[in-house]
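*Asks:*
Residue numbers (the working numbering): 121 to 206.
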């Protein structure tokens, strides 16, 4: 049961981290001058593909039962949240 809760929390935290960063890059893209906006747009595009790769890696690791640490603070927080009683 711990593993299911851990992977659920890990996925939610990683998705929230991705969304916050993507939103910040989008705001920069829309509000910055054209050159910086273009760079922020390309960075957001790369960030999105990187997230999909990391998320897919975590799905495979969860299926195989392998502990995979991508972002250590999120990993520790997910472990703490999964251990708390419901």
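Glycine residues also receive a C-beta, built at the ideal position from the N, C-alpha and C atoms.
Kindly confirm or deny that the segment 138–148 and the segment 161–171 touch, where touching means at least three C-beta pairs closer than 8 Å.
*Replies:* A contact exists between the segment 138–148 and the segment 161–171.
*Asks:* Kindly indicate which three-state DSSP category residue 180 falls into: helix, strand or coil?
*Replies:* Three-state result, residue 180: helix.
*Asks:* Counting Cβ pairs closer than 8 Å, one from the segment 199–206 and one from the segment 125–132, do we hit at least three?
*Replies:* Result yes; three or more Cβ-Cβ pairs closer than 8 Å.
*Asks:* CB residue 189 to CB residue 134, shorter than 8 Å?
*Replies:* Contact: no.
*Asks:* What does the Cβ neighbour count give for residue 160, buried or exposed, with the cut at 16 atoms within 10 Å?
*Replies:* With 16 or more other Cβ atoms within 10 Å, it is buried.
*Asks:* If you follow the alpha helix (DSSP H) that residue 124 is part of, which residue opens it and which one closes it?
*Replies:* Where residue 124 is concerned, the enclosing alpha helix (DSSP H) stretches over 122–151.
*Asks:* The alpha helix (DSSP H) with residue 185 in it runs from where to where?
*Replies:* From DSSP, residue 185 is part of no alpha helix (DSSP H); its letter is neither H nor E.
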